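Some notes on the structure that comes next.
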Amino acid sequence: GDSVTQMEGPVTLSEEAFLTINCTYTATGYPSLFWYVQYPGEGLQLLLKATKADDKGSNKGFEATYRKETTSFHLEKGSVQVSDSAVYFCAITANQAGTALIFGKGTTLSVSS
Amino acid sequence: DSGVTQTPKHLITATGQRVTLRCSPRSGDLSVYWYQQSLDQGLQFLIQYYNGEERAKGNILERFSAQQFPDLHSELNLSSLELGDSALYFCASSVGDRYNEQFFGPGTRLTVL
């Protein structure tokens, strides 16, 4: 079945450092790809998305490109801030079950000043 | 604020009991999804309703059931509760039932003692 694998955390960075969180997926067909962020004590918020190959999603300085050849959707940010500290989830649509999301296990990012 | 509301925010109950979690989708959204977030299983899709009808099922136990009412709010019923059912339960909504962005509520934290 469809699945998502993302790098395990925690990822600890200093402010203004470069961030990469790796995400790869296994899916039949052509899924849509998402990054969600969960701040402490809150629900999930959509950070960015890409719906077809080579699409680049971007938001709040974060970017990810839909790479069909490597089945990847790595999240990057050039300069992280303390306020970016959160848990980041990579997700894909589950083609077999309509539009339900399949999530990776999440990566905790901690940014210190 | 995503526009999705969930009640209650916290729920503490005993094994063997039954509880009902409630979700109101964003205005205009016809789809409601339920997800369970636990430390060992991560975020897992449970069930989806679209305009009152069940549309997709994920890893939902037989002890769990859901429904969507004519006003589009949804309830998730959990019965014969076990310690392992302790988790965060999220509701999400989207406009349609296919490849639409999902907006998540703040979640209900269920603790089974």
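Chains as they are written, first to last, in our numbering: chain A, 281 to 393; chain B, 1097 to 1209.
Cβ coordinates follow ideal geometry from the N, Cα and C atoms, glycine included.
As the structure is a prediction and not an experimental result, all values here were calculated from the model.
Would residue i pass as a contact of residue j if the rule is Cβ separation under 7 Å?
i	j	result
residue 1164/B	residue 1115/B	no
residue 391/A	residue 367/A	no
residue 1109/B	residue 1208/B	yes
residue 307/A	residue 1154/B	no
residue 1168/B	residue 1104/B	no
residue 287/A	residue 388/A	no
residue 295/A	residue 393/A	yes
residue 330/A	residue 313/A	yes
residue 1125/B	residue 1189/B	yes
residue 1138/B	residue 385/A	yes
residue 423/A	residue 373/A	Since the first residue of chain A shown is 281 and the last is 393, residue 423/A is not available in this structure.
residue 299/A	residue 1197/B	no
Rounded to whole angstroms, what's the CA-CA distance from residue i to residue j? Just pull it up for me.
i	j	result
residue 1133/B	residue 1205/B	9 Å
residue 1201/B	residue 1143/B	15 Å
residue 302/A	residue 291/A	11 Å
residue 1100/B	residue 1145/B	15 Å
residue 1150/B	residue 1161/B	11 Å
residue 309/A	residue 352/A	14 Å
residue 1159/B	residue 1177/B	8 Å
residue 1136/B	residue 1097/B	28 Å
residue 1157/B	residue 323/A	23 Å
residue 1107/B	residue 360/A	36 Å
residue 1140/B	residue 1152/B	13 Å
residue 340/A	residue 350/A	25 Å
residue 1113/B	residue 1199/B	30 Å
residue 1131/B	residue 318/A	14 Å
residue 1166/B	residue 293/A	48 Å
residue 1111/B	residue 297/A	47 Å
Tell me which residues share the same chain as residue i and place their Cβ nearer than 8 Å to its Cβ, disregarding the 5 neighbours each side in the sequence.
i	result
residue 335/A	345, 346
residue 383/A	284, 316, 369, 370, 371
residue 343/A	328, 336, 337, 355, 356, 357
Please work out which residues of its chain come closer than 7 Å, Cβ to Cβ, to residue i, disregarding the five sequence neighbours upstream and downstream, and give them in chain order.
i	result
residue 1203/B	1102, 1184, 1185, 1186
residue 304/A	285, 351, 352
Within its chain, find whatever has a CB closer than 6 Å to the CB of residue i; leave out the 5 residues flanking it on each side and keep chain order.
i	result
residue 1148/B	1164
residue 1193/B	1127, 1146, 1151
residue 348/A	333
With which residues is residue i paired in a DSSP beta bridge?
i	result
residue 1150/B	1145/B
residue 1161/B	1173/B
residue 1139/B	1133/B
residue 339/A	342/A
residue 1186/B	1131/B
Cβ contact (3+ pairs, closer than 8 Å) linking the segment 1167-1185 of chain B and the segment 1116-1126 of chain B: yes
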